[in-house]
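**Q**
Residue numbers (the numbering used here): 8 to 249.
1. When DSSP builds the beta bridges, which residues end up paired with residue 74?
2. Over the uninterrupted alpha helix (DSSP H) stretch that includes residue 248, give me the two end residues.
3. Is it right to say residue 197 is buried, meaning 16 or more other beta carbons lie within 10 angstroms of its own, or is it exposed?
4. Under 8 Å by Cβ, that's how I've got residue 29 and residue 99 pegged, so tell me the actual separation to the nearest angstrom.
5. Put residue 13 into one of helix, strand or coil per three-state DSSP.
6. So, residue 63 versus residue 18, is the Cβ gap smaller than 8 Å?
7. Would you check if the stretch 96 to 112 and the stretch 125 to 141 touch, i.e. whether three or more CB-CB distances between them fall below 8 Å?
8. Provide the residue(s) that pair with residue 98 in DSSP beta bridges, ordered along the chain.
9. Taking all protein chains shown into account, do 16 or more other C-beta atoms lie within 10 angstroms of the C-beta of residue 35, making it buried, or fewer, making it exposed?
10. Under the assumption that residue 32 contacts residue 114 (Cβ atoms under 8 Å), give the Cβ distance between them as a whole number of angstroms.
11. Answer with buried or exposed for residue 48, where buried requires no fewer than 16 other C-beta atoms within 10 angstroms of its C-beta.
12. Give the DSSP-derived three-state secondary structure of residue 123 in the structure shown.
13. Given this structure, state the Cα-to-Cα distance separating residue 245 from residue 82, to the nearest angstrom.
14. Which ranges does the alpha helix (DSSP H) cover as unbroken runs of at least 4 residues, wholly within the stretch 106 to 157, from first to last along the chain?
15. Measuring CB to CB, does residue 169 end up less than 8 Å from residue 241?
16. DSSP three-state label for residue 212, please.
17. Within its chain, find whatever has a CB closer than 8 Å to the CB of residue 73; leave out the 5 residues flanking it on each side and keep chain order.
18. Between residue 55 and residue 175, how many whole angstroms is the CB-CB distance? I'm expecting something under 8 Å.
19. Report the option in 66, 206, 13, 243 whose CA atom is closest to the CA atom of residue 88.
20. What's the gap between the Cα of residue 42 and the Cα of residue 192?
And the structure:
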């Protein structure tokens with residue numbers, strides 16, 4: 008697959024890809040069997056990277072950084088670059104699971120609260136008959152638990168590891184253990200397992216199309232309001248950087 012164009016948004020290099028491009032890139036990496044990291048960059052993640060050097064380094068060394076969020080797509084276009092479409096992390100994960108069921112690829116769910124990954128597994132098995140979820144593990148652990156977690160993932164030999172530990176923990180944990188895990192593709196998926204398990208709702212389609220998913224999340228999870236304030240700050244910072 009040809010190399011994708013990258014757009015620099017506040018120092019983070021985001022790939023200008025469509026969903027189809029992103030899936031093709033990931034499938035190519037699975038076939039090459041070399042461990043890579045895939046990140047889903049929304050405005051909140053990019054804003055955090057502006058003051059978190061470790062996260063910035065991880066994102067700019069990732070194999071693929073998809074534009075997950077209307078804010079990311081807006082920023083690229085506002086800065087005069089082509090960004091074909093939003094590639095939401097949730098939707099990308101669903102596409103990968105659909106293909107995994109067809110190609111007999113193995114997937115591991117890691118993260119969220121106890122019991123959530125198992126519920127997400129049952130949902131995936133109902134949605135994608137034949138899918139092989141080879142392991143699940145919740146996201147509550149200490150440093151002492153890590154060797155056991157890593158050993159379990161390695162023993163399961165997944166082609167894809169979906170980590171729902173939240174930003175930036177999921178990106179930092181995956182980057183730290185990427186080579187040791189030996190999983191072809193590892194991707195941070197935030198609230199994807201929660202949505203699949205039914206413990207968190209996704210915005211209605213009309214709100215997604217109206218680019219109001221951030222507002223829906225704020226209404227559903229009032230504790231996120233502080234974090235969602237990153238969006239207006241992001242708009243201001245991008246405008247100033249133009």
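Idealized CB from N, CA, C, for every residue including glycine.
Since the model is a prediction, treat every value here as computed from it, not as a measurement.
**A** The relevant details are as follows:
1. 48
2. 237 to 248
3. buried
4. 6 Å
5. strand
6. yes
7. yes
8. Its beta-bridge partners do not exist; DSSP assigns none.
9. exposed
10. Wrong, their Cβ atoms sit about 17 Å apart, outside the cutoff.
11. buried
12. helix
13. 6 Å
14. 123 to 134
15. no
16. helix
17. 21, 22, 24, 29, 45, 46, 47, 48, 94, 96, 99
18. 6 Å
19. 13
20. 6 Å
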